[in-house]
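Right, one structure below, let's go through it.
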Amino acid sequence: MPTLVYQSFTHTDGELTCDGVSVAAIVARVDTPVYIYSARAMRDAYRAIDEAFAACPHVIHYALKANSTLALVRLLRALGSRVDANSGGEIQVALRAGYEPRDIVFTGVGKTRDELERAVALGVGVINAESAGELDRIGAIASAQGRDARVALRVNPDIDAGSHPNISTGLKVNKFGVPLTEARAMYRERRSRAGLRLVGVHVHIGSQITTADPLRKAARALASLASELRADGIALEHVDVGGGLGIPYEGRPMIGPAEYAEAVLPELRPLGLPVLLEPGRAIVGRAGALVARVVDTKHYPDGRQFAVLDAGMAELIRPALYGSYHHIVPIRPRSGAESPWDVVGPICESSDLFARERALPPLEVDDTVAVLDAGAYGSVMASNYNRHPLPAEVLVDDGQWTVIRRRQTLDDMLALEQ
Ligand code: LLP
95 MPTLVYQSFT HTDGELTCDG VSVAAIVARV DTPVYIYSAR AMRDAYRAID EAFAACPHVI
155 HYALKANSTL ALVRLLRALG SRVDANSGGE IQVALRAGYE PRDIVFTGVG KTRDELERAV
215 ALGVGVINAE SAGELDRIGA IASAQGRDAR VALRVNPDID AGSHPNISTG LKVNKFGVPL
275 TEARAMYRER RSRAGLRLVG VHVHIGSQIT TADPLRKAAR ALASLASELR ADGIALEHVD
335 VGGGLGIPYE GRPMIGPAEY AEAVLPELRP LGLPVLLEPG RAIVGRAGAL VARVVDTKHY
395 PDGRQFAVLD AGMAELIRPA LYGSYHHIVP IRPRSGAESP WDVVGPICES SDLFARERAL
455 PPLEVDDTVA VLDAGAYGSV MASNYNRHPL PAEVLVDDGQ WTVIRRRQTL DDMLALEQ
C-alpha cells in the first residue's frame, strides 16, 4: 500500500542535505528562518500524479493556494501543469508566471464582483461557481461584457473526507459548494442562460485525505451527476475532482497517487471526459522544509525542556492551527542520547508550538533544525504576527541553489503604513 516517495532532505556525513546540497551552507549565506525547496521533489511528485492518471485523459491544475512562490509556479508550468487559482491575487501570480488565462481554473468561496469581472474579461478556462447566486452573477457579468463564461458548479456531496475538521469541506455543514441533490435542477434552469456555458462539474471534499474511500465516493457522486446532466442535453467538457490527496507527515502508511487513481478512475473513465485534478499538497508538501535556529533552551525542574526557535506560528501555522505533525531534524545532530523536547516558537501564544515531547538529540543555542514537509501551506500562510518579517525562500535544483524570495526587511514590512 505505501507508495515510495523520494526523500530530498537526508543526512549525509552527519549533516542535513537537500538533494546533496548542504543546508548549513545555505543557512550560512541566507540566515534563518528560511524555507528551502527541492525542485527534484516537486518534479517527482508531479510526475507521480501525472503517471498515475495516464490511463485517462487528464489535466493537472496545481492548486496555487498550497504554495504560490513564483519560481515554484514557473517550475510546475515547465512540467506542463496548469493551475487552480482561488483569488484575484492567485490569478495574478499565474499570469506573472507565464500562464494563459485559459490555463486557469478559478475556484473558491466568496469571489468578489471585481474578481469575477476580471476572470470573465480574461477568459479563464473555467470558473467553478459555489452557489446558484454566483452562477447568475457570472452570467450577468459575462452578458454585460458580451461574452460567454465557461462555468462549472461545485457540488457538496456530504461525504466525510476523514481529515481534520478545519480542512474537511465536503460535508453539508460546510460552506462549500451546492448540495448534490440540488445541482441537477440548478444546471437545467441555466441550460440556455445568456452568458453561461456549462462546461463542467466540480467537487473538492477536503485536504490531507489519506484513504481512498472518500475520494472514490466523491468521484462516484460526481460521475453520476455528470451522466444526468448529459442526459439533460448539457454538453459537459470535463469533470473536476478537486485536490485533497494527503502526504505521510507522520510516516504512517497511506494512499499515494497510484491508489488514488485506482480508486477514482473506474468511476470516471466510463464518462469518456477529461478529468481535471487540483492537487496542491501532494505536489509541493514534501518538497519544502523550514529551517530555523535555536535561540534559547529552557530546562524546568520537572524535567520538561524547551527549544525555542527563531521561527514559529508566524512562519508555519499548521501545528498551531490543526495540531499537525511535522518531523523535526537537527541540521547537524549532536551525539548523545535523545530526550523529549518541546519545540516552540518565539510568538506570545502557547499554541506557538511545533512539537510536544519530541525525542531529539541534545540541542544547544545556535543549533539549526529543519521542520520537514513544510512545502505546502507553509510560506503561503505565513504572517507578520509579532512583526516577524516573512522568511527567505531558496530553491535547490540540480546541485545549485537560488534565493527565490528574499527575506522581507523591516522597511518592506512598514512600507504600507503612514
Ligand atoms: N481545490 C480546492 C477547491 C481547494 O479548496 C483545495 C484546498 C485544493 C484544491 C488543494 O487541496 P490539496 O491537494 O492541497 O489538499 N491550510 C490547510 C489546507 C487547506 C486546503 C484548502 N483547499 C493545511 O495546511 O493543511
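The sequence shown begins at 95 in the working numbering and counts up one residue at a time.
Yeah, the Cβ is synthetic: ideal placement off N, Cα and C, and Gly gets one too.
Point to revise | Where R597 falls, given that 16 or more other Cβ within 10 Å makes a residue buried | key: Coverage of the chain is limited to positions 95 through 512, which leaves residue 597 absent and any answer about it impossible.
Check your understanding: Where T305 and M348 are concerned, what is the direct C-alpha to C-alpha distance, given to the nearest angstrom?
Key -> Between the alpha carbons of T305 and M348 lies a distance of about 6 Å.
**Study point:** Closest residue to R426 among A355, S477, T106 (Cα-Cα distance)
**Key:** Of the listed residues, the one whose Cα sits closest to R426 is T106.
Practice item. Compare the Cα-Cα distances from V295 to each of Y129, A352, N250, L359 and report the closest residue. Key: Checking every option, the nearest Cα to that of V295 belongs to N250.
Review point. Considering L323, what are the terminal residues of the alpha helix (DSSP H) in which it resides?
Key: Here the alpha helix (DSSP H) through L323 covers 306–325.
Exercise for review: Measuring only between beta-carbons, confirm whether L319 sits less than 8 Å from chain B.
Suggested key: Any reference to chain B falls outside this structure, which holds one protein chain only.
**Study point:** Inter-residue Cα distance where the pair is D519 and S102
**Key:** There is simply no residue 519 to check, as the chain begins at 95 and stops at 512 in what is shown.
Exercise for review: Let me know if A381 comes out buried or exposed under the rule of 16 or more other beta-carbons within 10 Å of its beta-carbon.
Suggested key: Burial call: buried.
Exercise for review: Go ahead and pull the three-state DSSP assignment for I232.
Suggested key: Residue state, collapsed to three classes: helix.
Exercise for review: Identify the continuous beta strand (DSSP E) that holds R176 and give its terminal residues.
Suggested key: Note, R176: beta strand (DSSP E), 176–179.
Check your understanding: When burial is assigned at 16 or more other CB atoms within 10 Å of the CB, is P96 buried or exposed?
Key -> With a pLDDT of 36 at P96, under the threshold of 50, the modelled position of that residue is not reliable, and the figure given next carries that caveat. Burial call: exposed.
Practice item. Could you pull out every residue in the same chain whose Cβ sits closer than 7 Å to the Cβ of S181, ignoring the five residues on either side in sequence? Key: The beta carbon of S181 sits closer than 7 Å to the beta carbons of G202, E209 from its chain, once the five residues preceding and following it are set aside; these are given in chain order.
Check your understanding: Alpha carbon to alpha carbon, how far is P63 from D125?
Key -> The structure shown has nothing for residue 63, since the chain only spans 95 to 512.
Practice item. Just mark L466 as buried or exposed, buried being the case when its beta carbon has 16 or more other beta carbons within 10 Å. Key: Counting Cβ neighbours within 10 Å, L466 comes out buried, since at least 16 surround it.
Practice item. Give me the Cα-Cα distance between S445 and A414, rounded to the nearest whole angstrom. Key: Cα-Cα distance, rounded: 5 Å.
Review point. For the ligand LLP, any of its heavy atoms closer than 7 Å to the Cβ of Y471?
Key: Relative to the ligand LLP, the beta carbon of Y471 is positioned inside 7 Å of a heavy atom.
**Study point:** Under the three-state DSSP convention, the category E451 falls into
**Key:** In this structure, DSSP gives E451 an extended state, which the three-state scheme calls strand.
Check your understanding: For the ligand LLP, which residues have a Cβ under 5 Å from at least one heavy atom, in chain order?
Key -> Around the ligand LLP, the residues whose beta-carbon falls short of 5 Å from at least one of its heavy atoms are A157, A160, T201, I261, H298, S301, G336, G337, G338, E372, P373, G374, R375, R412, Y471, given in chain order.
Review point. Beta carbon of W495, beta carbon of V167: below 8 Å?
Key: Not a contact, by the Cβ cut-off of 8 Å.
Point to revise | Y281 in three-state terms, based on DSSP | key: Look at Y281 here: in three-state DSSP terms it is helix.
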